[in-house]
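Colleague:
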Amino acid sequence: MTPSILLLPGDGIGPEVMREVRRVLDWFARTRGLEFHVDEDLVGGVAIDTHGVPLTDAALAKAQAADAVLLGAVGGPKWAELPFENQPERGLLRLRKDLGLFANLRPALVFDALVEASSLKPELVRGLDLMIVRELTGGVYFGEPRGITELANGERRGVNTQVYDTHEIVRIGRVAFELARKRHHKLCSVEKANVMESGVLWREEITKLKADYADVELSHMYADNCAMQLVRQPKQFDVVVTDNLFGDLLSDCAAMLTGSLGMLPSASLGDADAEGRRKALYEPVHGSAPDIAGKGLANPLAMILSVAMMLRYSFDEPEEAELLEKAVQRVLATGKRTRDLAGAGTTEVSTAEMGEALIYELSSSQ
Ligand code: NAD
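Whatever position you read off the sequence shown (first residue = 1), add 828 for this note's numbering.
(1) Looking at the secondary structure, which residues open and close the alpha helix (DSSP H) in which SER1134 lies?
(2) Any heavy atom of the ligand NAD closer than 7 Å to the beta-carbon of VAL902?
(3) Closer than 7 Å to a non-hydrogen atom of the ligand NAD - does that hold for the CB of PRO837?
(4) Is ALA1180 near the ligand NAD - that is, is its Cβ less than 7 Å away from at least one heavy atom of it?
(5) Since LEU1015 is in the beta strand (DSSP E), which residue starts that stretch and which ends it?
(6) Identify every residue that forms a DSSP beta bridge with ASN932.
(7) Flag SER1116 as yes when its Cβ comes closer than 7 Å to any non-hydrogen atom of the ligand NAD, and as no otherwise.
(8) Could you give the distance in angstroms between the alpha-carbon of GLY1122 and the alpha-carbon of GLU844?
(9) Tell me which same chain residues have a C-beta within less than 6 Å of the C-beta of ALA941, skipping the five on either side of it?
(10) Using only the heavy atoms of the ligand NAD, determine whether one of them is closer than 7 Å to the beta carbon of ASP1040.
(11) Can you grab the Cα-Cα spacing for the pair SER946 / ASN981, in whole Å?
(12) Quick one: any contact between the segment 885-893 and the segment 1087-1106, if contact means 3 or more CB pairs under 8 Å?
(13) Checking 8 Å against the spacing of the C-beta atoms, do ASP1071 and GLU972 come in under that value?
(14) Between ARG934 and VAL897, what straight-line distance do the alpha-carbon atoms span, to the nearest angstrom?
(15) Please look up how many angstroms separate the CB atoms of GLU1197 and GLY903, rounded, as I've assumed it's under 8 Å.
(16) Give me the Cα-Cα distance between ARG1206 and LEU937, rounded to the nearest whole angstrom.
(17) Could you check if THR1174 belongs to the surroundings of the ligand NAD, using beta carbon to heavy atom distance under 7 Å?
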């Protein structure tokens, strides 16, 4: 059966960068015989304007049925004053929740041509390729009890609870071990077992899983040390797996090693079905960039690298994913840049021109 993809371009620069995705998908169908059934729907502000809600039940049903979802970005000043439950971001949160997306994958990949964009010294980041796997639906952001209470002595107390059950640790651990298998066979599990019981449990459960993945080298690190090591010697890492809170911080830290928001893809994965297929949503890390929307200035490469992640992790097409990633490398090596990355010695191009240049590089690799 032809695999299916749902495109949700969303708001701001979302539709502009998604246009380039269409081009890439057409190229793979035409040239590599990689056919997908592609459907499209609304999410975010544009869905509010059209249907009064940030995600309709019909769009959610399409996302549930699709083999993968590609999302642009949601939000913008037009909808900023709406009540919290009607904000464009609720559409994205509903998707994540109803698809059961518990694993967030954030690669930090430094392209040779962009080594200078990093805030670290070139020798520390040249060739960097690491992946942070963050648990997304548990931990201190969701744990009970939570809230702010009045104390008898007149003070107020803020409470949040870090809580993880075995199954939550095991399922994120399996995602991370499987990823390590598709990469360089190294996994570092990160917690604070020295001061937190939830960290002790995390470490014990991840260690037990190792028995099923003899080909993966497992290490453990405290989260504070990991933050330090990410800026000291980031190339020591292959895959890092961690909880929701530490993952939130460490994935942003790792992302900035690459220095460029317009280049960062991400994936969110759910449980595997009987055939091992997971619900999956792929999206760039950046937002809807209302300041540049509609001007042809958006960098489409984060969105396109999200397509490469989809090819690798949802459709098990590592060669096709690599073809796309190498084409991105080559476009950058020609000196073409969208405005966010343009500088001395580079040629500024529009969103569409970047898409065209990418197709040219893909075609010349055949
Ligand atoms: P942003 O990522 O949209 O923009 C931050 C800065 O980076 C802006 O100057 C923007 O022009 C630039 N930028 C971002 N992506 C770019 C790209 N592909 N090419 C070139 N430049 C790029 O973050 P923000 O300004 O904080 O948020 C704007 C809106 O996006 C808000 O409504 C926010 O809620 C929403 N947002 C959505 C998501 C999402 O959909 N996942 C994520 C973050 C923010």
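Idealized CB from N, CA, C, for every residue including glycine.
Modeller: According to the structure data:
(1) Stepping through the sequence shown from its first residue, residue 1134 is reached at position 306. In the DSSP assignment, SER1134 falls within the alpha helix (DSSP H) that extends over 1129-1141.
(2) By one-based count along the sequence shown, residue 902 stands at place 74. With a cutoff of 7 Å, VAL902 counts as near the ligand NAD, since its C-beta is closer than that to a heavy atom of the ligand.
(3) Within the sequence shown, numbered from 1, the residue matching residue 837 stands at position 9. The closest heavy atom of the ligand NAD lies 7 Å or more from the beta carbon of PRO837.
(4) For the purposes of this step, residue 1180 is taken as residue 352 along the sequence shown, with counting starting at 1. Not under cutoff, so the answer is no.
(5) In the sequence shown, the residue the question calls residue 1015 occupies position 187. LEU1015 -> beta strand (DSSP E) spans 1014-1019.
(6) Residue mapping note: residue 932 aligns to position 104 of the sequence shown, counting from 1. Paired residue(s): ARG962, SER1096.
(7) For the purposes of this step, residue 1116 is identified with residue 288 of the sequence shown, where counting begins at 1. Yes.
(8) Translated into positions along the sequence shown, residue 1122 becomes position 294. Translated into positions along the sequence shown, residue 844 becomes position 16. Near 7 Å, if we compare the C-alpha coordinates of GLU844 and GLY1122.
(9) For the purposes of this step, residue 941 is taken as the residue at position 113 of the sequence shown. The residues are LEU1160, ALA1161.
(10) In the sequence shown, the residue the question calls residue 1040 occupies position 212. No, the ligand NAD has no heavy atom inside 7 Å of this Cβ.
(11) Locating residue 946 in the sequence shown gives position 118, where the first residue counts as 1. Locating residue 981 in the sequence shown gives position 153, where the first residue counts as 1. SER946 and ASN981 have their alpha carbons spaced roughly 50 Å apart.
(12) Segments in contact, no.
(13) Walking along the sequence shown from the start, residue 1071 turns up at place 243. Walking along the sequence shown from the start, residue 972 turns up at place 144. Contact flag unset, no.
(14) Counting from 1 along the sequence shown, the entry for residue 934 is found at position 106. Counting from 1 along the sequence shown, the entry for residue 897 is found at position 69. The straight-line gap from Cα to Cα measures roughly 16 Å.
(15) No information on residue 1197 is available, as it lies outside the stretch 829 to 1194 that the chain covers here.
(16) Within the shown structure, residues of the chain are numbered from 829 to 1194, placing residue 1206 beyond reach of any answer.
(17) As a working mapping, residue 1174 is identified with position 346 in the sequence shown. For the ligand NAD, not one heavy atom lies less than 7 Å from the Cβ of THR1174.
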